[in-house]
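Have a look at the structure below, then the notes.
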Amino acid sequence: MKRMTRLLLIHWHYFVHEVIELNKVNFLTGKNASGKSTVMDALQLLLLADTSGSFFNKAASGRGNRTLSGYLRGELGDDEDFGFKYLRNGRFTSYIALEFFDEEKGKYFTAGCCFDTYSENDLQKLFFRFDGAMPSNEFVINRKPMDIAILRAYIKEHYSIGSSYTTDVNRDFRQDLYGKLGAYVIASVSY
């Protein structure tokens, strides 16, 4: 069996840099607006390789229309006079990364998505997967998340071609990840 062991969120809604330890059974509990749906939406984005936002929790937002841009930029709300307010503006890099442990092989592998955001509607993404645990640097060098170019070079330097994969195509990543997960394919989505 393959199981999720750690989730890394960098610049994802209100999370600046958070590592969440996962066990075989996990409960997300907390007050309203404590981040439960934010964590679930990050997991769904990665496991379904869906950046459209069609699976984001509609009930969690007062307006019912969470967006990828809103999650990345840390949308705080709309003040009606000046538009939306965000935690992050300008250029920055975000990560959703999930570490897995393959109990049959006794080995880790990591899958994730890196986003370089340049402005409200200008961003690039890179899905990645490599054999091995999440790196101890958690994709941060000199207190700054690696951008896509640096991440590509990092993966190329530290992981062989057969043990790593990168793409900016959602469908291709989904196919690679599901192949790596084997029989443990996502069968349902929680709402």
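First residue of the sequence shown: 1208, per this note's numbering; consecutive thereafter. Where a beta carbon is used, it is the ideal one built from N, C-alpha and C, also for glycine. Quick caveat: nothing in here was measured; it's all calculated off a predicted structure.
*Would the beta-carbon of Phe1334 fall within 8 Å of that of Thr1212?*
Indexing the sequence shown from 1 puts residue 1334 at position 127. Indexing the sequence shown from 1 puts residue 1212 at position 5. Going by C-beta atoms, Phe1334 is not nearer than 8 Å to Thr1212.
*Relative to the alpha-carbon of Gly1386, which residue among Asp1323, Asp1375, Phe1234 and Ala1318 has its alpha-carbon at the smallest distance?*
By 1-based counting over the sequence shown, the position of residue 1386 is 179. Per the Cα distances, Ala1318.
*What are the start and end residues of the alpha helix (DSSP H) that includes Val1246?*
Position 39 of the sequence shown holds residue 1246. Start and end: Lys1243 to Leu1255.
*For the 8 Å Cβ check, are there 3 or more pairs between the segment 1247-1264 and the segment 1337-1351?*
no
*asked:* Under 8 Å, with one C-beta from each stretch per pair, do the segment 1217-1224 and the segment 1292-1311 reach the 3-pair mark?
replied: yes
*asked:* Using only the alpha-carbon positions, how far apart do Arg1378 and Asn1328 sit?
replied: Mapped onto the sequence shown, residue 1378 falls at position 171. Mapped onto the sequence shown, residue 1328 falls at position 121. For Arg1378 and Asn1328, the distance between alpha carbons rounds to 22 Å.
*Residue from Asp1323, Glu1311 and Gly1313 with nearest C-alpha to Tyr1278*: Taking the first residue of the sequence shown as 1, we reach residue 1278 at position 71. Closest option to Tyr1278, Cα to Cα, is Asp1323.
*CB-CB length for Asp1205 against Tyr1366, believed under 8 Å*: Given a span of 1208 to 1398 for the chain in the structure shown, any question on residue 1205 remains unanswerable.
*Quick one: residues in its chain with C-beta nearer than 7 Å to the C-beta of Glu1228, no 5 flanking neighbours on either side, listed in chain order?*
Within the sequence shown, numbered from 1, the residue matching residue 1228 stands at position 21. Once the five neighbours on either side are set aside, the close Cβ partners of Glu1228 are Arg1213.
*Which residues share a DSSP beta bridge with Pro1352?*
The count along the sequence shown starts at 1 and reaches residue 1352 at position 145. Val1347, per the DSSP bridge assignment.
*What three-state label does DSSP hand Gly1284 in the structure shown?*
Mapped onto the sequence shown, residue 1284 falls at position 77. It is a strand residue.
*How many Å lie between Thr1274 and Glu1311 at the Cα?*
For the purposes of this step, residue 1274 is taken as residue 67 along the sequence shown, with counting starting at 1. For the purposes of this step, residue 1311 is taken as residue 104 along the sequence shown, with counting starting at 1. The alpha-carbon atoms of Thr1274 and Glu1311 are separated by roughly 37 Å.
*Under 8 Å between the Cβ atoms of Leu1358 and Phe1346?*
Here the question's residue 1358 lines up with position 151 in the sequence shown. Here the question's residue 1346 lines up with position 139 in the sequence shown. In this structure, Phe1346 lies closer than 8 Å to Leu1358 by Cβ.
*DSSP state of Gly1313 mapped onto helix, strand, coil*: Here the question's residue 1313 lines up with position 106 in the sequence shown. Gly1313 falls in the coil class under three-state DSSP.
*Given Arg1280, which residues of its chain have a CB within under 6 Å of its CB, disregarding the five upstream and five downstream residues?*
Working through the sequence shown from its first residue, we reach residue 1280 at position 73. Only Tyr1293 and Arg1295 meet the Cβ criterion.
*Buried versus exposed, by CB contacts within 10 Å (16 or more), Ala1394*: By 1-based counting over the sequence shown, the position of residue 1394 is 187. In this prediction, Ala1394 has a pLDDT of 47, which is less than 50 and means its spatial position is unreliable; what the coordinates show is noted afterwards. Exposed, by the Cβ-count rule.
*Where DSSP assigns a beta bridge to Gly1150, which residues make up the other side?*
Because the chain is modelled from 1208 through 1398, residue 1150 falls outside the range shown and cannot be assessed.
*In or out: Gly1242 buried (at least 16 other Cβ within 10 Å) or exposed?*
Mapped onto the sequence shown, residue 1242 falls at position 35. Gly1242 is buried by the Cβ-count criterion.
*Measuring CB to CB, does Lys1231 end up less than 8 Å from Asp1309?*
By one-based count along the sequence shown, residue 1231 stands at place 24. By one-based count along the sequence shown, residue 1309 stands at place 102. Taking 8 Å as the Cβ cut-off, Lys1231 and Asp1309 do not qualify as a contacting pair.
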